């Protein structure tokens with residue numbers, strides 16, 4: 004959402020080469036604000052605007068562009084200028100960009116970056132998508148344990164310009180093993196003569212680089228940390244994940260979870276920007292699978308055509324009965340999936356969950372069954388034809404109650420089963436559960452109907 | 004999820020009054036870890052454990068307890084001790100607790116707190132739930148603009164012990180108007196003789212205390228801030244919202260959104276801890292509404308009983324047709340609701356969204372229509388009875404395509420309509436859309452069937 008009001012002003016500054024104003028805009032506003040303002044500019048105009056800012060600043064602003072724009076910007080400029088900018092970008096932001104570029108373009112840029120940065124890029128690129136290593140940055144502040152606080156602050160002052168944060172400082176031995184953690188606040192409050200070793204917290208909470216990024220987000224959120232250290236198998240520090248990266252991970256995961264619940268494969272692009280074909284593929288894929296699964300409702304339904312031939316009114320209640328299962332199933336699946344994501348429920352709790360949901364399903368089924376009974380009892384005689392009103396009402400009440408219980412049980416257990424099998428419990432969500440319960444609900448309904456009516 | 008292994012050790016320490024070990028546990032571990040470990044302890048045991056920690060530390064550990072435990076702890080201790088602990092707690096945490104306590108208990112505690120803290124509590128309690136003011140803290144670090152950096156650091160050192168963060172510092176005039184912002188990193192890097200006024204950023208991004216907490220979360224996330232200043236109508240600083248509070252807000256909102264999508268009224272309690280009656284009410288409420296709405300499927304279906312009498316096989320395709328509408332509607336609703344939440348789509352975009360979804364709905368409808376055609380064409384003659392196979396296949400294909408388009412349009416527009424009417428777009432989510440499309444889908448299907456078959 005860019006500020007359309009400022010765009011003409013910005014254009015005029017660019018057209019008249021108003022260096023002073025352009026410098027002010029690009030250097031004094033927050034980089035995110037500059038990125039917003041330049042959303043309406045062409046690639047050439049944006050590069051021109053950037054050229055008025057100091058180099059580090061250009062990299063900061065660039066990192067706030069949406070990825071689509073970043074990619075267009077790369078295509079619209081010489082490789083030399085781009086490789087310089089890459090060097091100035093923070094390690095996590097530049098790896099995010101390189102991953103999204105055409106591999107050929109990325110491979111043509113990497114050799115132009117200085118050797119040290121190149122190595123850093125290769126390391127970060129090697130972590131699989133979704134791991135803690137893939138979202139960490141390698142620009143962290145460190146201290147040895149045997150320095151005095153006064154010297155420590157001097158050391159930090161030297162590190163500060165190139166570090167993502169100097170507020171969380173990690174204490175390492177010579178082999179880069181993580182020994183402890185100290186905050187800048189601790190250092191500021193301590194006497195200048197105190198030693199880092201005396202101040203540091205030795206109980207350091209960290210994640211391994213190959214752990215899930217969600218696990219890292221959970222740990223940081225739990226301890227209210229500014230940054231979380233990332234270590235390798237030997238407990239050597241390899242990076243940090245900062246609070247702002249965790250927020251990004253959380254937004255991304257919330258979007259993915261919502262999309263899984265809504266029956267879409269994850270679409271990471273902005274809704275209005277995403278390519279039609281990509282979105283069609285991701286939507287049609289899931290919809291077609293569900294549709295094919297729903298075809299079994301036809302098979303199940305037509306299997307009972309003798310029942311329909313005898314009591315046509317039975318057919319009219321089918322959508323009501325199966326939607327009850329779908330809704331109660333979605334509800335249970337949502338609660339359990341979310342409780343798993345929040346760490347409130349683990350696999351070991353399956354029996355507690357099942358017990359809880361059996362009672363809940365029975366009570367919910369009773370509630371809906373009563374409403375169903377009342378409605379069925381009010382069916383006009385012309386619709387009922389040869390069927391007995393009260394028997395019909397009883398069949399509906401029992402079917403609704405049974406299917407509601409069934410939906411609740413399937414909805415609550417399926418996410419746990421998925422997790423046990425190593426799948427994402429999010430996929431056992433509304434549409435999947437609803438489809439499954441639709442088909443089985445028809446069988447339950449007609450079995451009850453046949454037992455009582457025919 | 005507490006560490007069950009440590010519980011027996013902890014119990015033994017408490018039973019034997021092992022002061023040294025208890026001091027070590029309560030003072031040296033991270034407060035969140037101590038809170039975890041004491042999850043299995045009784046209220047008395049927990050108070051005993053806390054008593055071995057320094058006072059500030061007790062308050063920190065207490066804040067990491069789940070709210071249920073906090074409330075039990077309040078009930079299990081004298082008002083004097085509790086009021087002392089309240090004084091030591093950070094303003095936002097203690098207001099969160101007071102809001103959840105029985106109002107009588109809260110009112111009996113507040114008078115025991117010192118006058119200054121009491122005023123602070125009353126102010127924070129006055130902000131409505133969900134506003135920026137309700138999640139902010141009043142313990143922020145400030146500086147006047149005319150001090151030198153050297154003196155500024157000394158001032159901060161004095162403020163540090165009682166401030167939530169000293170990394171984001173706000174520059175105020177004498178009337179507490181927000182003039183600018185400076186980070187501790189800026190101060191550390193500057194010469195001791197530089198003045199705060201020269202260093203500070205004058206473009207300060209802030210929120211008003213009465214704005215939505217989600218808006219505050221979005222701003223902090225957008226700018227990667229550690230903390231966001233909260234001001235009143237006169238641009239006077241009244242509090243700050245820190246990164247960890249924003250993460251809590253985001254988790255809360257994600258849970259609420261998921262629950263709305265899954266057809267549950269928001270349940271904030273832990274899944275396994277929540278009271279059965281509360282959960283039943285919240286689940287049964289939504290389910291009953293949806294069930295009552297679904298009753299219209301019966302009305303719609305039975306309205307077409309003449310069609311069923313002529314071609315019974317028509318009934319067998321009803322679940323398939325309506326579930327197609329439900330699934331495509333849920334999918335569109337999810338995408339649009341999420342895009343609204345992320346700020347990618349606003350009301351003004353409704354025409355772009357509609358145009359996009361018309362094309363998408365047509366293409367998706369065509370995809371599913373083809374599958375439906377194939378399936379209907381394969382129907383056994385015994386099931387079809389008197390109906391023509393190819394006409395039947397054509398009816399199914401057209402109905403599926405039309406209902407898919409209809410579901411997509413309803414699903415994409417309803418969240419925008421809800422937003423326009425001032426409702427939360429999240430409520431126009433899967434179950435609501437699916438139910439609406441179920442009923443209308445039956446009408447679409449039979450209208451097409453009657454036109455071709457009868």
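Residue numbers (my numbering), protein chains in the order written: chain G, 4 to 457; chain D, 4 to 457.
Each residue gets a CB set at the ideal place from its N, CA and C atoms; glycine is no exception.
Quantities reported herein were computed from a predicted structural model and do not represent experimental measurements.
Listed along the chain, the chain D residues whose CB falls inside 7 Å of the CB of residue 295 (chain G) are 374.
Interface annotation, residue 63 (chain G): not in contact with chain D, CB-CB separation never under 8 Å. Against chain D, the CB of residue 325 (chain G) has a partner CB under 8 Å away; the residue lies at that interface. About 19 Å separates the Cβ atoms of residue 292 (chain G) and residue 444 (chain G), ruling out a contact at the 8 Å cut-off. At a Cβ-Cβ threshold of 8 Å, residue 338 (chain G) and residue 403 (chain D) do not count as neighbours. Per DSSP, the beta-bridge partners of residue 215 (chain G) are G:134.
Cβ contact annotation for residue 446 (chain G) (same chain, cutoff 7 Å, sequence separation greater than five): 303, in chain order. Under the DSSP assignment, residue 183 (chain D) falls in the beta strand (DSSP E) whose first and last residues are 181-186.
Taking each of G:138, G:154, G:215 and G:233 in turn and checking the Cα distance to residue 183 (chain G), the smallest one comes out for G:233. Taking 8 Å as the upper bound on Cβ-Cβ separation, chain G lies near residues 291, 293, 294, 295, 297, 298, 300, 301, 304, 305, 308, 311, 312 and 315 of the region 291-315 of chain D. Each of G:75, G:13 and G:22 was checked against the Cα of residue 36 (chain G), and the nearest Cα belongs to G:13. When secondary structure is reduced to three states using DSSP, residue 326 (chain D) falls in the helix class. Beta-bridge pairing by DSSP links residue 239 (chain G) to G:180. By the Cβ-count criterion, residue 71 (chain D) is exposed, with fewer than 16 other Cβ atoms from all chains shown falling within 10 Å of its own Cβ. Interface residue (Cβ-Cβ distance to chain D less than 8 Å): residue 389 (chain G) is not classified as such. In the three-state reduction of the DSSP assignment, residue 111 (chain D) falls in the helix class. Residue 157 (chain D) has a beta carbon lying at 8 Å or more from every beta carbon in chain G. One Cα belongs to residue 197 (chain G), the other to residue 122 (chain D), and the distance between them is close to 38 Å.
The way I'd put it, the region 141-158 of chain D does touch the region 168-180 of chain D; three or more beta-carbon pairs between them come closer than 8 Å.
Neighbours of residue 347 (chain G) across chain D, judged by C-beta separation under 7 Å: 273, 274 and 275. Of the residues assessed, residue 289 (chain D) falls on the buried side of the cut-off, its CB having 16 or more other CB atoms within 10 angstroms. When rounded, the separation of the alpha-carbon atoms in residue 24 (chain G) and residue 103 (chain G) is 33 Å. Taking 4 residues as the minimum length, the alpha helix (DSSP H) runs contained wholly in the region 15-68 of chain G are 22-31, 34-40, 46-53 and 58-67, in order along the chain. Residue nearest to residue 140 (chain D) within the set D:245, D:68, D:300 and D:318 is D:245 (criterion: CA-CA distance). In the three-state DSSP reduction, residue 173 (chain D) falls in the strand class (E or B). Residue 162 (chain D) is positioned such that its CB atom lies closer than 8 Å to that of residue 169 (chain D). Taking 8 Å as the cut-off, the Cβ atoms of residue 220 (chain G) and residue 241 (chain G) do not count as close.
Residues of the region 208-219 of chain D that bring their beta carbon within less than 7 Å of a beta carbon in chain G comprise 208, in sequence order. Listed along the chain, the chain D residues whose CB falls inside 9 Å of the CB of residue 89 (chain G) amount to none; the nearest CB is some 20 Å away.
A residue is called buried when at least 16 other Cβ atoms come within 10 angstroms of its Cβ; residue 415 (chain G) meets this threshold and is buried. In terms of beta-carbon proximity, residue 154 (chain D) stays away from the interface with chain G, with every pair separated by 8 Å or more. Remark: three or more beta-carbon pairs, one from each stretch, lie closer than 8 Å, so the region 431-441 of chain G and the region 327-344 of chain G are flagged as touching. For residue 94 (chain D), the enclosing alpha helix (DSSP H) stretches over residues 94-103. For residue 81 (chain G) and residue 107 (chain G), the gap between their C-alpha atoms comes out near 15 Å. Here the C-alpha atom of residue 41 (chain G) lies approximately 50 Å from the C-alpha atom of residue 294 (chain D). Taking a contact as a CB-CB distance under 8 Å, the pair residue 352 (chain G) and residue 275 (chain D) counts as one, their CB atoms being some 7 Å apart.
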